[in-house]
Amino acid sequence: MPSQFECFQDGCNFMVRADSDEEVVHLVQEHARFTHDISLDGDTIESEIEHV
Ligand SMILES: [Zn+2]
0 MPSQFECFQD GCNFMVRADS DEEVVHLVQE HARFTHDISL DGDTIESEIE HV
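Right under this line is the structure:
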């Protein structure tokens, strides 16, 4: 069951889907750091992950 995450920052259309939560967390952390200059902890990201 793929894991999916949609960025919750205003005006951002970033969406990622991967086979595991760990992979999504890693990709989202990189996105947040490079695009928004923020660091998100894994728990915050995991709470927003949908399984689709
Ligand atoms: Zn974003």
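Residue numbers (numbering that gives the first Met the number 0): 0 to 51.
Even glycine gets a Cβ: it sits at the ideal position worked out from N, Cα and C.
All figures in this text were calculated on a predicted structure; none of them were measured in a lab.
For ligand 1, is there a heavy atom less than 6 angstroms away from the beta-carbon of residue i?
i: Phe33; result: no
i: Gln28; result: no
i: Gln3; result: no
Using only alpha-carbon positions, find the residue among the options that is nearest to residue i.
i: Ile37; options: His50, Ser19, Ser46 and Gln8; result: Gln8
i: Glu47; options: Gly10, Asp20 and Cys11; result: Asp20
Enumerate in chain order the residues of its own chain whose CB-to-CB distance from residue i is below 6 angstroms, with the five nearest sequence positions on each side excluded.
i: Gln3; result: Arg16, Glu49 and Val51
i: His35; result: Gln8
Can you list, in chain order, the residues of its chain with a C-beta nearer than 8 angstroms to that of residue i? Leave out the 5 residues immediately preceding and following it.
i: Glu28; result: With the sequence shown as reference, residue 28 is identified as Gln, and Glu is not the correct amino acid for it. Excluding sequence neighbours, Gln28 sits near Ser38, Leu39, Gly41 and Ile44.
i: Met14; result: Gln3, Phe4, Glu5 and Cys6
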